[in-house]
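Just so we're aligned, residue 692 is where the sequence shown starts under the working numbering, counting upward by one.
Think of the CB as a built atom: it goes at the ideal place given N, C-alpha and C, for glycine as much as any other residue.
First the structure, in the form of structure tokens, and then the observations on it.
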Amino acid sequence: LYSIFSSILIINGFYNLSKLISKNTSIFFLENYSVSGKLISFFLVINFFSIILYNFFLIFGVNEFYLKLIVIIIILIGFYQPSGYWIIIRKYFLTNSMSKLLLLIIFGYFLISLFPISDPDSLDYHLTVPYLSLLNEKIFIEKEWFTSQLSGAGEALIILGLTINAYKFSSILQFIGLFSIVIAILNLKNYKLNFHLESKILICLAILCIPSFLFLTFTAKPQLFSIASNFIAFLMTFYILPFEKNKKRL
């Protein structure tokens, strides 16, 4: 329970941090601070943070004390306004029977993300490289250990969670990536394409029925979160930014 609760607080801390940054800078230029804007800022912040963190580890090494300090700050930020998820659930998943079915499937995915991580890739290097990096105070990459050379920014985030024994951080983060795809589709608004809510729910149900997502949800592989990042970037480029530009012209 500690690992689950601390992992959720870390993710919520990143989410609240992205909201604070986007409200006080001109980087995120969506006219209305909508759910889409919050998702875009969340993915930008967490991906940018992971890249900076990984490069910092490569140059200066892994210092567990300072990492714990960073995680504690993020967790404290995570306590700020934690009730936003209920607003999202009430808005999108309690409107009709189809939306309730969608919520049930998503809850099933959340339970799956809590399963023990047992896939070969995660046990080989996705979890092992971060664990050994904490012990050796540097990114543990060996010439003879070929798969360790595949580690990157995703493993830097796992190191962040392991500093406080949040072993479920990586798998819950994969669930958040899948959940973000669903929220982005349900919140999609475009001046050319006017999808009804039922159509959006059917699209989400089709996505959740992809078999590989079941496997990726309870692993430490960062693929599902990367898929969500690419999907959010695609929506922003082709469906969100042109809509914002059209509204400004009007």
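Cβ-based burial, residue i [other Cβ within 10 Å; buried from 16]
i	result
residue 720	Residue placement at residue 720 is flagged as unreliable, the pLDDT there being 46, under the threshold of 50; a coordinate-derived value is accordingly withheld.
residue 814	exposed
residue 697	buried
residue 692	exposed
residue 834	exposed
residue 764	exposed
residue 739	exposed
CB contact flag (residue i, residue j, <8 Å)
i	j	result
residue 741	residue 869	no
residue 846	residue 807	no
residue 780	residue 794	yes
residue 856	residue 694	yes
residue 915	residue 865	yes
Member of the options whose CA lies at the smallest distance from the CA of residue i
i	options	result
residue 811	857, 838, 763	838
residue 929	700, 768, 880	880
residue 788	889, 911, 910	889
residue 735	749, 708, 757, 753	708
residue 905	836, 824, 799, 853	799
residue 745	825, 874, 896	825
residue 700	770, 738, 712, 783	770
residue 842	860, 926, 912	912
For residue j and residue i, believed in contact at Cβ under 8 Å, the rounded distance
i	j	result
residue 804	residue 871	13 Å between Cβ atoms; not a contact.
residue 923	residue 737	Contact flag wrong, Cβ pair sits at about 11 Å.
residue 748	residue 705	Actually they are not in contact, since the Cβ atoms of residue 748 and residue 705 sit about 18 Å apart, beyond 8 Å.
Element boundaries [alpha helix (DSSP H), containing residue i]
i	result
residue 801	788 to 804
residue 908	902 to 908
residue 852	844 to 853
residue 914	914 to 926
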